[in-house]
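*Asks:* This is the structure, below, for whatever I ask next.
In the numbering used here, the protein residues as written are 14 to 413.
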């Protein structure tokens, strides 16, 4: 999150291929090293360095795709690229939980991917031919401007600011559900009396998240490509409507967790499917409303904002709210028990309601994601007012 703007600056000025290779090497090695740490602070340091490595790749890779492809072909390639995020997250739950279970230690969940990362580094160095910035749009050689000037121009672009705000809401919801979702569902399963199924929840959650990504990410891109020639503002409409349609499904998923896990997982699937419609489209919006020489900087800025206010903050906020609700619920329970005529009955009630109160507290906290989705949807719909003009301005500037 913090290093995104730095790699954005470097990505607009230096070799993107080597910056990406460095990032993948860093996160592969630090992931592996972190799994061997026995001291908390050393573990935290290596996990932070994983994020630094990811920042290099996340800010630079989309800009290379933008310089290799243009138009609907670019949209297809971005859909394929961002396809990896929900699918990778789902596989993380599946492979991580099963590897840890098979080998008897969570440490092994961190030792699976580094080898794959090093294979990716080899492919980047040997097979990637880095294109010139703006090559796909026929802009020729473009000189980089100062970082301050880049920031001023990026912030002046209303489409970029609004789409970043909307995507921050997407990241907020995705982060909250991925962090708290499995634990919340485990509490719901336990309340239903199926405690033997608790251990499989993370695996099933990963399957649902992965399938929703497999369908949702390319679906958003396909709809946009089909309708762009008729509706110029379709990208903003799809993102806005997608978030608004996701909202009721997320609400129902949270509500039904106590009553029916199959229904809950069904609602999660559709909620995340509509949420996933936005991933590749937001990336496409950034690339066509920002000049080629500033795209890595814009990616870094978007990464910083969306993570800071989105998936980095949402798990903590949900946890704080859950604890506050739990204090309120326990207070009401204790007050009720105090008025009871039987000490034995009071103790029994307190014991039987403890798990229910924990579930309710987390449930009430998770409902905030629904409000955030509505806010995000409105950001994207307002963005529709500016997106065409900002895109045309970039096209005119490139061909001047």
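Where a beta carbon is used, it is the ideal one built from N, C-alpha and C, also for glycine.
For residue 78, is the classification buried or exposed, using 16 other Cβ atoms within 10 angstroms of its Cβ as the cut-off for buried?
*Replies:* Classification of residue 78: buried, given that the 10 Å Cβ count is 16 or more.
*Asks:* Along the alpha helix (DSSP H) that carries residue 396, what are the first and last residues, could you check?
*Replies:* Element bounds for residue 396: 381-396.
*Asks:* Does DSSP classify residue 42 as helix, strand or coil?
*Replies:* It is helical.
*Asks:* How long is the line joining the alpha carbons of residue 101 and residue 219, rounded to whole angstroms?
*Replies:* Those two C-alpha atoms are separated by around 9 angstroms.
*Asks:* Measuring only the C-alpha atoms, how far is residue 36 from residue 67?
*Replies:* The straight-line gap from Cα to Cα measures roughly 6 angstroms.
*Asks:* Just how far apart, CA to CA, sit residue 368 and residue 200?
*Replies:* Approximately 8 angstroms between the Cα atoms of the pair.
*Asks:* Under 7 angstroms Cβ to Cβ from residue 370, same chain only, skipping five residues before and after it: list those, please.
*Replies:* Excluding positions up to five away in sequence, the list reads 339, 342, 343, 346.
*Asks:* Quick test of your reading: residue 175 and residue 392, contact by CB under 8 angstroms. State the CB separation rounded to the nearest angstrom.
*Replies:* With a Cβ gap of about 5 angstroms, residue 175 and residue 392 count as contacting.
*Asks:* Which residue comes first and which comes last in the alpha helix (DSSP H) that contains residue 233?
*Replies:* 214-240 is the extent of the alpha helix (DSSP H) around residue 233.
*Asks:* How long is the line joining the alpha carbons of residue 24 and residue 169, rounded to whole angstroms?
*Replies:* In a straight line, the C-alpha of residue 24 is about 21 angstroms away from that of residue 169.
*Asks:* What residue from 26, 43, 53 has the CA that sits closest to residue 73's CA?
*Replies:* Ranking 26, 43, 53 by Cα distance to residue 73 puts 26 first.
*Asks:* Rounding to the nearest angstrom, what Cα-Cα distance links residue 159 and residue 59 in this structure?
*Replies:* Cα-Cα distance, rounded: 32 angstroms.
*Asks:* Once the 5 residues before and after residue 146 are set aside, which same chain residues still bring their CB inside 7 angstroms of it?
*Replies:* Around residue 146: 80, 155, 305, 306.
*Asks:* How would you call residue 119, buried or exposed, if buried means at least 16 neighbouring beta carbons within 10 angstroms?
*Replies:* With fewer than 16 Cβ atoms within 10 Å of its Cβ, residue 119 is classed as exposed.
*Asks:* Buried or exposed, going by whether 16 or more other CB atoms sit within 10 Å of the CB of residue 273?
*Replies:* The residue in question, residue 273, is exposed, as its Cβ has fewer than 16 Cβ neighbours within 10 Å.
*Asks:* Does the beta-carbon distance from residue 251 to residue 236 come in below 7 angstroms?
*Replies:* Their beta carbons are under 7 angstroms apart, which means residue 251 touches residue 236 by this criterion.
*Asks:* Less than 7 angstroms between C-beta atoms, sequence neighbours within five positions excluded: which residues of the same chain meet that for residue 6?
*Replies:* Past the boundaries of the shown model lies residue 6; the chain is included only from 14 to 413, so the question cannot be answered.
*Asks:* Helix, strand or coil for residue 196 per DSSP?
*Replies:* Residue 196 falls in the helix class under three-state DSSP.
*Asks:* Using DSSP with H/G/I as helix, E/B as strand and the rest coil, what is residue 143?
*Replies:* The answer is coil: DSSP assigns residue 143 none of H, G, I, E or B.
*Asks:* Specify, as a first and last residue, the run of the alpha helix (DSSP H) that residue 325 falls within.
*Replies:* Taken as a continuous stretch (DSSP letters only), residue 325 belongs to no alpha helix (DSSP H), as it is neither H nor E.
*Asks:* Please report how far the alpha carbon of residue 4 lies from the alpha carbon of residue 212, in whole angstroms.
*Replies:* Outside the displayed span of the chain (14 to 413) sits residue 4, for which this structure offers no information.
*Asks:* To the nearest whole angstrom, what separates the beta carbons of residue 256 and residue 302, a pair I think is in contact under 8 angstroms?
*Replies:* Not quite, the Cβ-Cβ distance comes to about 19 angstroms (not below 8 angstroms), so this is no contact.
*Asks:* If the criterion is Cβ atoms closer than 7 angstroms, does the pair residue 259 and residue 284 meet it?
*Replies:* Yes, the Cβ-Cβ distance between residue 259 and residue 284 is below 7 angstroms.
*Asks:* Between the C-alpha atoms of residue 363 and residue 99, what's the straight-line distance to the nearest angstrom?
*Replies:* The predicted model places residue 363 with a pLDDT of 48, which falls under 50 and marks its position as unreliable; any figure quoted below should be read in that light. Answer to the nearest angstrom: the Cα atoms are 40 angstroms apart.
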